[in-house]
Amino acid sequence: MLIGLPPILGPELLFTLRAMGHGDEIALVDGNYPAQEHARRLVRADGHSLFALLDAILRVLPLDEGAPAILRAGFENDPARRGAIHDRIDALCAQRAPGVAVMPLPGTQLYPRIRAAHTIVATGETELFANVILRKGVVRPAPAR
0 MLIGLPPILG PELLFTLRAM GHGDEIALVD GNYPAQEHAR RLVRADGHSL FALLDAILRV
60 LPLDEGAPAI LRAGFENDPA RRGAIHDRID ALCAQRAPGV AVMPLPGTQL YPRIRAAHTI
120 VATGETELFA NVILRKGVVR PAPAR
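One point on numbering: in numbering that gives the first Met the number 0, the residue at position 29 of the sequence shown is 28, and numbering is uninterrupted.
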């Protein structure tokens, strides 16, 4: 255990978040997503909900300022449609990353992007279309004193 880090962020996930560079993307996918087949790198987080992981990651991951930094699925892969799961995702992102828009993507754009992600995190989320991509930003140097 470490001070100040959510305990749900285990060693493998912390290593991944630290190893990612500016512009790299991490995909958090629901339990139905074929993560093993699609991942370049896979972190298993079975038994953990998408929300617990998303909340913890958004506490430590800087988001990109120059490109859409939070992308998600739409209901039945239609970005114009949303379910209760998407309302919850959007609300959590608004709380943890105020001012950062959440962009829904059609399945034809979302799934290739998940496959190209730096890492896929396979959650135990049982809700359908509960897939989120986060694009890493930079940590700026502290001002000189």
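We put the CB at the ideal spot given by N, CA and C, even for glycine.
Just mark residue i as buried or exposed, buried being the case when its beta carbon has 16 or more other beta carbons within 10 Å.
i    : result
V42  : buried
E24  : buried
V137 : exposed
P103 : buried
H21  : exposed
M19  : buried
T118 : buried
I113 : buried
L1   : exposed
Once DSSP output is grouped into helix, strand and coil, what is the label at residue i?
i    : result
V148 : Lying outside 0 to 144, the shown extent of the chain, residue 148 is not represented and no answer is given.
I2   : coil
R17  : helix
I7   : coil
R81  : coil
E24  : strand
Only counting the same chain, and skipping five residues up and downstream in sequence, which positions put a Cβ closer than 7 Å to that of residue i?
i    : result
E126 : D29, I84
L60  : L16, L133, K135
L52  : I7, L27, A44, V120, T122
Y110 : none
D54  : L91, R95
E11  : V42
Might you give, ordered along the chain, the residues of its own chain that have their beta carbon closer than 6 Å to the beta carbon of residue i, omitting 5 neighbours on each side?
i   : result
L49 : L27, T122, E124, A129
D63 : R134, G136
Counting only the same chain and skipping the five closest in sequence on each side, list residues whose C-beta sits under 8 Å from that of residue i.
i   : result
R80 : G73, F74
Just checking my contact of residue i with residue j at CB under 8 Å: how many whole Å lie between their CB atoms?
i    : j   : result
P105 : P78 : 5 Å
When the Cβ atoms of the segment 83 to 90 are set against those of the segment 36 to 46, are three or more pairs found closer than 8 Å?
no
Does the contact criterion of 3 or more C-beta pairs under 8 Å hold for the segment 94 to 113 versus the segment 63 to 73?
yes
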